[in-house]
Structure formats: structure tokens, C-alpha cells
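Worksheet for the structure shown next.
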Amino acid sequence: MKQMMIYSALAVAAALPAATPAVFDFEQGLGKERFDRRYAGIETAAPLSGSRSLAVDTRTSDSEWNGVWSLPKGVLKPGRSYKISLTAKVTDKANDRASLLFLIRPLSANHELSDAGMLTPQTVGKEEKITFRLNVPEKPDDYSLQVHTHFGVRALVDDITVTPIELKEIPAPRQAKAVPLPAVLPTGSEEFTVDRPKKENRKEFNAKEFGVSTASKDNTAALQRAIDTIRRQAPARLFLEPGVYRFEGEKPLIFNALTDFELDGQGAELRFHRTGGDRQLIAVSNSTRLELKNFTVDWDWERDPLASVVTVDSVAPDRRSIRLRFVDYEKFPNTDLRVADLSRIDPANRQADPVRPVRITLEMNKGQNRPEARFLEPNLVELTSRPGMFKSAMPGETFLMRHYGYDFGAFFLRNNQHLTLENVTVASAPGMGVITSGRQHHWQLLNCRIAPPAGSKRPCSTTADAMHTISSAGFFRLENCELAYSCDDTMNFHDLNGYAVKLDENRIMTTNLNSHPGDYFRVGDPIELCNDDFSPTGFTGKITAIKFRNRREGEITFDKPVPEPAGGGFVLFNRSYGSRNLIFRNNHIHHFPRGLLLMAENVTIENNRFEEGNAAGIKLETGYTFDVWSEGYGVRNVVIRNNRFTGVNRRGRYVSENRPDIYINSYLRSDPSLLKSPYPVIRDIWITGNEFRESTGSPVFVSTADNVTISGNRFVNHETVPVKEEKRGLIGAGNSGTVRVLNNVWESSLPGLKSGVLYDPDSVTKLEEGGNVVRSAAGK
């Protein structure tokens, strides 16, 4: 029947020969593997292969997430690599967000934080053969391919084939002569100038002349009146006298359509407290040569903390209720308690627990999934939710309790040109720190901070990303800044792509615009259509008509015929945007969940310090999903030079890619994704002159990229780290074109630590290595 050894679902994994494929074809039923009888069955009427297939049907479930079936323990062996193929067909979905999921997850885990990857089939009614490659972590020892659903799905699965593969390791020698670098290397961003406001004939205004006062409970209207009055008298400088100025109500401060304008806070603090209204504290839009400087934006923590450190007093037997004590308060100031989520932290440093990560999501969106909160003592609260909600928490553990998520950003920047923020601090915000969108270009942050006040016990700065660029027209500089203690990405720079299917000769239908602003696509915009693996179709057309069905779906008509996609659909790049020519220089990025996520062209990242993170310090990526975010138009011409990375991936995220410090990868259909594009949407990367200290795993892992040069770096490991990774120290590569590892130095005083390169020879077209050396060291 098949030219390999066939195993039914009853097969005993331990009996498999080391290099023999194992096939689970369900011909003898579901077997003894872990499955849920409510949702897993056998299809005999119309199987995908043979006489039987796994039948998945979760349409009767009341749960959003449903586990259905898993490979038995031992099929995926710790520390081994595999090629896995399967056949799947989704036949019905309960709603547009529903999907069939294949996860690589430990059998002992009940959450996604230790997943090694995920994929989802593409189209309802279409049988699809899926193949991917996988590196299984050493620990835990029970990773398994699992079948789950998001909401209700009916589907068929068959012929799950697991084939062991061998990676190739090239150790660095003790001695080696340096080898020449390529004649042509990436250059990064060009230098550029951000123009300042014109000062000739500039008028000066004191904000107190308009009623702005440190004695006022709400200065919103007075400062807005000053801004609007001065708008007509440019060039102008508006200044504040030192002090704390309060802002309440439901309206942001709006700087709109200003030219040659300067706001000088002279050390003032703008302290906000909001309960509703627009989702930004300060909005800056459609302005030219605008400068904001010398002030701090903060939230009123005395009335309404953004986050708190709590310890678990007790958990009810049904795990429905939990009692939590606030560590830093004898009396918690806000009894109208919102709990967005709970994340387990190490009480010694108040950072995420790298060994046992746990996150319990509650009222992340205000008013949704709100637990009942009852104060038993001034600093002791009891939360009650649905049964099992708090099953991951144990008495004595410490958690970070966020009270806000993505509610109010500190700065919202849109469609400006030549904008400068200098000596501005975002001490805290109930959302993101700086959000940028539209076609903004030529802007910079100089000597700014997004970090808590020095010496404070606050557990965070922003409750979401420190900086997030949704879209731009490029030319951005971040220089001499500090970004720390954000609750989500430190920096995320990208434009938005989208997924679509062909309707007829000139029309496509977008199927996921989940995170796009309403005006992201406009009549006249040039749209490039890529295949669903990012390979080019050669088509770029102008939009002639748009008809949106809802916030996810819309019909787009072009000025010329649309080609047939090579796969199931298209990825859309709106070429009226383009985040390019970015410079990140001399910054200190520390204590972060994730560091810099970059999807852009012509980028220089140099002389920065990345320290104490829970995921990769830098992640170069592009990808799309069917139900959440879809970000980036590729990555090209990036120079990462003379930076220092120290303990940046303490939690060891991206376990199938060796827990890297710098992670280069794309994602398809879901994020993260086990599917890898054969087309190198990431290319022309030079990583040189950097120092990597105390890596958890690989200093660099390269995937779905081409023309990547890693040269002249120093990899130093002297300390044991919380998460153990057998491949610690090795440069990793897979699913890529040309990757060069040249003239690097490894130093370590730890016995048995790896050095050199580990790659997949079947999926890397060309691996060049030379001039690399390893040195032993007795100390730091």
C-alpha cells in the first residue's frame, strides 16, 4: 500500500527503528493515543485515504479552544529532528474565526507558552497535503503532534507520517585563518535629516496665559485652547513652567495640522487619568516640522495602578476562585478592580518566570470575561471565574496582575513629516507608548525614555508595546533612548499585508483585515499581489473600487486583470506605504518580553545594548495569518552591527529554532507557523561585530532567508542559564538560501558547550563557513 512501514494509531512508538518513517493512518481506529471521544471519531463513508480517516467535529463544543487527538509520547524524541507530513481537509466551520490547528506541544502542558510550532489548513472543502520540518526540544520529554480546533470545526485528517532527519554540525576549530568576506555586503539605511521647526520670526507663548495650571484638576481644555490658538501664528514655541499638570476627562490632547511648532515642557510632567473616549492620551497628526521636548507623560498610579505584583494566598479546589494579596499595598487604591491577566513572575527580580511560564487571560478587553472581584481585606482580593480558570496557579507563587492592556496609548502619531520627540519620557501608559500609522515619514526620537521612574517599585512602564509602527513611509531614527519594562513588544516596526482570494477577472476578496485601519486601502493605491508563499506573481495594479463587507472582508477591484494564484490565494502589499530607511543607534533596551520586531528595508541597528529579555532581542520576520495580525512586506538590506546582547532570551522562546537571541523567520497562515516559505522574503542581512553574552540557545537562527552573512561576532558564555538548551552556542540555519558564518569567535568556561554551526543540509541551499575559532576562557 505504501513504500514505508505503516503503523496504525495503535502502534507502539518505542518499537520504531531509528530512521524508519512512522505512519498513523487510522485504519485500525483511534487507538490508545490521547483523544476526546466527544470530538474525535473515525470516518468510513468518505475517508481521505484507505478505508478510514480521523474525523474531527467540535461544532457542538461550547469552548473556544478544543483538544481532539495527539500522537503518543515517544514518537517525537527529545533533541531529534523530523520531517512530518499529513493530509487534512476542513469540511465545515462554525464561524469565520474557526480553524483546525496542528500543534507541537508537550502532552503535560495545558497552555501555548511551550509550543514548538503551529499550522492551520487553508480552505474549507479543499484536501491539502502539508509537509514541515521540526526540531524537537530536549525538555520536556513529551512533545507531541496534537490536533486542536479554535471554535467549532468539522475536518478529516489522515496519513500522519513522521520521518527522522539528521542535521549537520560543523564545530568551530581551535585555530583558523580569517577568510575574506563577500565583495558586496548589505549597507543598511542611508543617513538622512529630520528638519526642525523654523525659528525665524518665531513667537513665544506661555501655556499659563491660556489657563494651564498645576492647580487645575484637568488641563485638557486649556492646553488644547493654547495649541489651537497658536496654530495660526506659526512659527511658534509654546512652553510650560515646571510642575505636574493633570489631564482627565475623555478627550486626548490633539496636535493637528501644525507647521513649525515647538512644545517645550521645560521638565514638566503631564499626568493623565482617563476612563473612556479616544484610545490615545496625545494625538499628533498631519503636521510638518513639529518638535515636542522636555516633558514626561505619566499615569496617575496613586488612584489607579496600571499593574500590580500579587502573591497567591489560596486556590479553591475547583480552581474557579483564587485569593491574591497585593505585595506593594497595605490598601489597594482602586476597589473597582479590573484584572486583564495574570503572569507568573520570579519574586526575586519581578520578571517573568523563565522556567515555568504561565499566563491566565481574564478581562484583557474591558467588559469581557470579567471575573467577580471581592475584597476580603484592604490588600487581599478574591477572584471568581469559571471552573478551572486558575488551575495553573499554586499558593505562594507570585504573579504580575495587569489592570490594563491595549487601552490608551501615550502618543498616537499619524501622517506627520519632520517630527521630533526629544528628551520626552513616557513613564507609563495604559496601552502602548508610541504608536505610528499612516504615511508618516522623517521622524525621530532622541534621548527619550519609555521606562518607569528611576528607583520606583512599579512593575511596568507600558501595559502593551513600548513602540509600535503600524505603517509608515519610512525615514525614522531612534537614538540615545532607553526602553524598558513594557508588557509587550519593545518595538514593532512594519506595514500591514493581508490575505485575499480571487473573485473574478479584476476582483479579489480580502479574508482577513483584522488589524487594519479603515482607510488602509484607498482607491488609487498600488497593490502588489504575491502568492501565498510570498513568491512574486509579477502583478501590481491600482485600486479602482473598494467594497467592504465587514472589518475582515472586502472586495477590491483593480484597473487590470488579476492573475491566477500559484496556491490558494494572494498576499497583498500596499506599496503606497513602505517602512524603510530606519536607524536604531546607541539605545538601551532592557527587561522586555520581546525586543525589536522588524519588517522593513534599508535598516541600520548599531551600538545598542539589549539586556535581560524573555524572547529574542531582534526578530526579523514577515508573515500573515487567517484570523489575527498580518504584518510586513519582507525584510531586506539590514545591518546589525556592534551591538551587545546579554541574557536576552531567558525564557527560551522559539524552542524549535534553538531559542535564539536573533531570530530570522517568516510565518504562513498562523503565528508561529511550522510551514516555511520556499521563497526568501527575508534577504541581504549582515550581522557583524556584535557581542552575545549568556545566550540561552543559538545566538542567531536563520530561516526562510537568503544572503545572510554572520561575521566577526563574539559569543561568550560563562554562566549557567535558567532554561537548558543542548544546542546552546550553535548558529542555527534551515529552510534558507545562502548563509555565511565567517570569522566569528566563541568563548566559554563551561564544559561541553557547543560552538560552530548546526544546519539542515536538505533545506539550506548553501552554507559557507570559515575563519571561525573557539577559545576556552577561565573567567569573564
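Just so we're aligned: the sequence shown equals residues -24 to -1, 1 to 756 in mature numbering (1 follows the signal peptide of the UniProt record, and there is no 0). Note that the Cβ used here is the ideal one computed from N, Cα and C, for glycine as well. Quick caveat: nothing in here was measured; it's all calculated off a predicted structure.
Could you compute how far the alpha carbon of MET377 sits from the alpha carbon of PRO228? Locating residue 377 in the sequence shown gives position 401, where the first residue counts as 1. Locating residue 228 in the sequence shown gives position 252, where the first residue counts as 1. PRO228 has its alpha-carbon roughly 26 Å from the corresponding atom of MET377.
Taking the runs of the beta strand (DSSP E) that are 3 residues or longer, which of them lie wholly in the region 311 to 377? Whole beta strand (DSSP E) segments, 3+ residues: 317 to 322, 335 to 337, 348 to 353, 356 to 360.
If you follow the beta strand (DSSP E) that LEU6 is part of, which residue opens it and which one closes it? Taking the first residue of the sequence shown as 1, we reach residue 6 at position 30. Secondary structure note for LEU6: it is in no beta strand (DSSP E), with a DSSP letter that is neither H nor E.
Which residue marks the beginning of the alpha helix (DSSP H) containing THR205, and which one marks its end? Position 229 of the sequence shown, counted from the start, is the residue given in the question as residue 205. Residue range 196 to 206 is occupied by the alpha helix (DSSP H) that includes THR205.
Identify whether LYS174 lies in helix, strand or coil by the three-state DSSP scheme. Here residue 174 refers to the residue found at position 198 when the sequence shown is read from its first residue. Reduced to three states, the DSSP call for LYS174 is coil.
For the putative contact between THR439 and CYS463, defined by C-beta atoms under 8 Å, what is the C-beta separation to the nearest angstrom? Here the question's residue 439 lines up with position 463 in the sequence shown. Here the question's residue 463 lines up with position 487 in the sequence shown. The beta carbons of THR439 and CYS463 sit about 5 Å from each other, so the pair counts as a contact at 8 Å.
If we require 4 or more residues per run, which alpha helix (DSSP H) segments fall completely within the region 31 to 86? Those alpha helix (DSSP H) runs which fall completely within the region 31 to 86 and span 4+ residues do not exist here.
Return the chain-ordered list of same chain residues with a C-beta closer than 6 Å to the C-beta of ALA70, the five sequence neighbours on each side being excluded. Against the sequence shown, residue 70 aligns to sequence position 94. Here ALA70 has ARG35, PHE127, GLY128 as same chain residues with Cβ atoms under 6 Å from its own Cβ, once five neighbours each way along the sequence are excluded.
Please classify GLN151 as buried or exposed, where buried requires at least 16 neighbouring CB atoms within 10 angstroms. Walking along the sequence shown from the start, residue 151 turns up at place 175. Its Cβ having fewer than 16 others within 10 Å, GLN151 is exposed.
Report the three-state DSSP secondary structure of LEU234 (helix, strand or coil). Taking the first residue of the sequence shown as position 1, residue 234 is located at position 258. In the three-state reduction of the DSSP assignment, LEU234 falls in the coil class, being assigned neither a helical nor a strand state.
Please give me, in chain order, every unbroken run of the beta strand (DSSP E) with length at least 3 that falls completely inside the region 381 to 407. The beta strand (DSSP E) runs of length 3 or more contained entirely in the region 381 to 407 are, from start to end of the chain, 385 to 390, 393 to 402.
Buried or exposed: PRO737, going by 16 or more other Cβ atoms within 10 Å of its Cβ? In the sequence shown, the residue the question calls residue 737 occupies position 761. Classification for PRO737: exposed.
Between which two residues does the beta strand (DSSP E) holding ILE638 run? The count along the sequence shown starts at 1 and reaches residue 638 at position 662. According to the DSSP assignment, ILE638 belongs to the beta strand (DSSP E) that extends over 638 to 645.
Nearest by alpha-carbon distance to LYS342: which of LYS59, LYS536, GLY407, ARG295 is it? As a working mapping, residue 342 is identified with position 366 in the sequence shown. If we check each option's Cα against that of LYS342, GLY407 comes out closest.
Tell me where the beta strand (DSSP E) around LEU613 begins and ends. Numbered from its first residue, the sequence shown carries residue 613 at position 637. According to the sequence provided, residue 613 is Asn. The question's Leu does not apply to it. For ASN613, the uninterrupted beta strand (DSSP E) run begins and ends at 611 to 617, by DSSP.
Which residues in the same chain have their Cβ closer than 6 Å to the Cβ of GLY688, if we skip the five residues on either side of it in sequence? Translated into the one-based positions of the sequence shown, residue 688 becomes position 712. Answer for GLY688: THR664, GLY665, ASN719, listed in chain order.
Would you say LYS53 and LEU83 are within 7 Å of each other, going by their C-beta atoms? As a first step, residue 53 must be located in the sequence shown, where it is residue number 77. As a first step, residue 83 must be located in the sequence shown, where it is residue number 107. Going by C-beta atoms, LYS53 is not nearer than 7 Å to LEU83.
What are the residues that DSSP puts in a beta bridge with TRP275? Taking the sequence shown and counting its residues from 1, the one referred to as residue 275 is at position 299. For TRP275, which the question treats as bridged, DSSP gives the partners PHE248.
Using a Cβ-Cβ cut-off of 6 Å (strictly less than) and excluding sequence neighbours within five positions of THR63, which residues of its own chain qualify? The residue you call residue 63 lines up with position 87 of the sequence shown. Counting only Cβ-Cβ distances below 6 Å, and skipping sequence neighbours, we find LEU24, LYS105, ASP134, ASP135.
To the nearest angstrom, how far is it from the Cα of LEU234 to the Cα of PHE248? On the sequence shown, residue 234 is found 258 positions in, with the first residue counted as 1. On the sequence shown, residue 248 is found 272 positions in, with the first residue counted as 1. Spanning the two alpha carbons is a distance of roughly 23 Å.
Can you confirm whether the region 659 to 679 touches the region 624 to 640 when touching is taken to mean that 3 or more C-beta pairs between the two stretches lie within less than 8 Å? Counting C-beta pairs closer than 8 Å gives three or more between the region 624 to 640 and the region 659 to 679, which meets the contact rule.
Which of helix, strand or coil does DSSP assign to GLN98? Within the sequence shown, numbered from 1, the residue matching residue 98 stands at position 122. Per DSSP, reduced to three states, the secondary structure at GLN98 is coil, with no helix or strand assignment.
Classify LEU505 as helix, strand or coil using the three-state DSSP reduction. Start at 1 with the first residue of the sequence shown, and residue 505 comes out as number 529. In the structure shown, LEU505 sits in a strand (DSSP, three-state: E or B).
Rounded separation between ALA460 and ARG425 - CA only: The residue given as residue 460 occupies position 484 in the sequence shown. The residue given as residue 425 occupies position 449 in the sequence shown. C-alpha separation (whole angstroms): 8 Å.
Can you name, in chain order, every residue of its own chain whose Cβ lies under 6 Å from the Cβ of TYR639, other than the five neighbours on each side? Working through the sequence shown from its first residue, we reach residue 639 at position 663. Result list for TYR639: ALA592, LYS595, TYR630, PHE677, in chain order.
Same chain, Cβ closer than 7 Å to ARG627, neighbours up to 5 away in sequence not counted: Here residue 627 is taken as the residue at index 651 of the sequence shown, counted from 1. The residues are ALA328, PRO330, PRO333, ASN590, ALA591, VAL699.
What three-state label does DSSP hand PHE168 in the structure shown? Translated into the one-based positions of the sequence shown, residue 168 becomes position 192. Of the three classes helix, strand and coil, the one that applies to PHE168 here is coil, per DSSP.
Whole-angstrom Cβ separation of LEU644 and ASP508, contact assumed at under 8 Å? Position 668 of the sequence shown, counted from the first residue, corresponds to residue 644. Position 532 of the sequence shown, counted from the first residue, corresponds to residue 508. Rounded, the Cβ-Cβ distance is 7 Å, consistent with contact.
With H, G and I counted as helix, E and B as strand and the rest as coil, what does DSSP make of PHE186? The residue labelled residue 186 in the question sits at position 210 within the sequence shown. Judged by DSSP in its simplified three-state form, PHE186 adopts helix.
Is DSSP giving PRO(-8) helix, strand or coil here? Stepping through the sequence shown from its first residue, residue -8 is reached at position 17. Only weak support is given to the placement of PRO(-8): the predicted model assigns it a pLDDT of 46, under 50, and the value that follows is read from those uncertain coordinates. The DSSP-derived three-state label of PRO(-8) is coil.
Given this structure, state the Cα-to-Cα distance separating ASN473 from GLY43, to the nearest angstrom. Start at 1 with the first residue of the sequence shown, and residue 473 comes out as number 497. Start at 1 with the first residue of the sequence shown, and residue 43 comes out as number 67. Within the model, the alpha-carbon separation for ASN473 versus GLY43 is close to 30 Å.
To which residues of the same chain is GLN(-22) closer than 8 Å at the C-beta, ignoring the five residues directly before and after it? As a working note, residue -22 is residue 3 in the sequence shown. Note that GLN(-22) scores a pLDDT of 33, beneath 50, so its modelled location is shaky; the value from the coordinates is reported in the next line. Hits under 8 Å: none found.
Are the beta-carbon atoms of ARG659 and ASP682 separated by less than 7 Å? Start at 1 with the first residue of the sequence shown, and residue 659 comes out as number 683. Start at 1 with the first residue of the sequence shown, and residue 682 comes out as number 706. One thing to note: ARG659 has its Cβ within 7 Å of the Cβ of ASP682.
Less than 8 Å between C-beta atoms, sequence neighbours within five positions excluded: which residues of the same chain meet that for ARG498? Locating residue 498 in the sequence shown gives position 522, counting from the first residue. The residues ILE519, ILE522, SER552, in chain order, have a CB closer than 8 Å to that of ARG498 in the same chain once the five nearest residues on each side in sequence are set aside.
Cβ pair ARG390, SER261 closer than 7 Å: Position 414 of the sequence shown holds residue 390. Position 285 of the sequence shown holds residue 261. In contact: ARG390 and SER261 (Cβ atoms closer than 7 Å).
Unbroken beta strand (DSSP E) run spanning ILE581, endpoints: Within the sequence shown, residue 581 is the residue found at index 605, counting from 1. Looking at the DSSP string, the run of the beta strand (DSSP E) that includes ILE581 is 577 to 582.
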